Structures are given as C-alpha cells and as structure tokens.
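Structure, as structure tokens:
Residue numbers (the numbering used here): 104 to 295.
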C-alpha cells in the first residue's frame, strides 16, 4: 500500500523541495528533522553530490531515521548525515559558511524568544553568503497556536528573524507535510 507518507517522501516532497530552490549538489541542514519527512525528499533532490545534515535532539529518532532511510532505499545516496545536538541550539560539526540551505520546519514554537535568537545567530554562521534560510512557522497565532509562537503572527516572526541579520526574500503558501498528512502552511525564505 502506497500511503500518504510515502507519497510525500517520493512524489510531493521532492516537488516541494525543488520548488523552493533546493537543487542537486546543495549542502542542506534540516534542523529539527524528527522522522525525516523533509530530510528524505531533500536527499533525493541534492543527490549523491550533495549532503543533508539531519539534526535532532533524540538519538532514538535519529536511529529510526537511519533505519527508515535504508528501508526506503535512500541510503544508496549516502548523503544523509545525522547529528544529535543533545538539545543544544548550537549546530555542531558543520564548518562556518559551508551550507547552501537550512530549514527549521515546525520547530520554532518549541523555543522561547531568547532561544530562537540564539538559533538564528548559529544559522547565520554556517550559511554561505548567498545561502537560504527556510522557515515553516507552524503553530503561530493564525495556524494552530501553540506554546512559544501562540501570540505571534507571521509578520512578528519575520520581524524577529530580520532583526538577526536576515532579509525576507519571499513568503508563499504550500501544501506541507505535518503529522502524517498534508495541510496548507506558510513558508518563509530568508537570505542574509
């Protein structure tokens, strides 16, 4: 049975990843990768010439991601590198100014403002001068409000990120994968 998760990983996800500008040979960080719903489509797009750093704070989640990669046949690319950040907002093991694109999809609501600012500064360090920072700010005031983003709207989030040296390049609505299904959501693209 070809379920919605596999349809996302092999069809819809790669189309989405290409549509936002990630391409073959890119070095990409999926910060807060969880089970790899964005990591796996990215791996297919960047191919064996690129890399995907899948960062999460749970070793068991990262082990599950590795097992799922093999089960799906994506390990043939050998381009997914898992990193356990142990809950730190530092981005270990990645040299400064070497990353083409970084994603924080559906994770900012876990972080308070001070933590988000700290993360934006880390992202600034590792992105190339022409790099792209992609944000899916799920759980803001107008999209299932939750935790640390519940009182912020998209404009507030944009202002916060721009205050850390980024510039909004575009804001678009997409069908995105969230908790084993698709929903409409806003994606923000920043340059610096």
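Ideal placement from N, C-alpha and C gives every residue a C-beta, glycine not left out. Keep in mind it's a predicted model, so treat the numbers as computed, not measured.
- Counting only runs of 4 or more residues that sit fully inside the region 223 to 278, the alpha helix (DSSP H) segments are 257 to 265, in chain order.
- In this structure, residue 244 places its C-beta atom within 8 Å of the C-beta atom of residue 253.
- Counted as a single uninterrupted DSSP element, the stretch harbouring residue 116 is not any beta strand (DSSP E) but the alpha helix (DSSP H) occupying residues 116 to 122.
- In the three-state reduction of the DSSP assignment, residue 207 falls in the strand class, which pools E and B.
- Taking every protein chain shown into account, the CB of residue 129 has 16 or more other CB atoms within 10 angstroms, so this residue is buried.
- Residue burial is scored here from C-beta neighbours: residue 172 has at least 16 other C-beta atoms within 10 angstroms and is therefore classed as buried.
- A contact between stretches requires three or more CB pairs, one per stretch, nearer than 8 Å, and the region 208 to 216 meets this requirement with the region 250 to 269.
- Segment contact: the region 225 to 239 against the region 162 to 171, fewer than three CB-CB distances shorter than 8 Å; contact not assigned.
- Here the alpha carbon of residue 158 sits roughly 24 Å from the alpha carbon of residue 248.
- Shown here, residue 106 sits in coil according to DSSP, grouped into three states, outside any helix or strand.
- A contact between stretches requires three or more CB pairs, one per stretch, nearer than 8 Å, and the region 131 to 144 meets this requirement with the region 115 to 122.
- Looking at the DSSP output, residue 133 shares a beta bridge with 157, 206.
- Each of 156, 111, 149, 233 was checked against the Cα of residue 207, and the nearest Cα belongs to 156.
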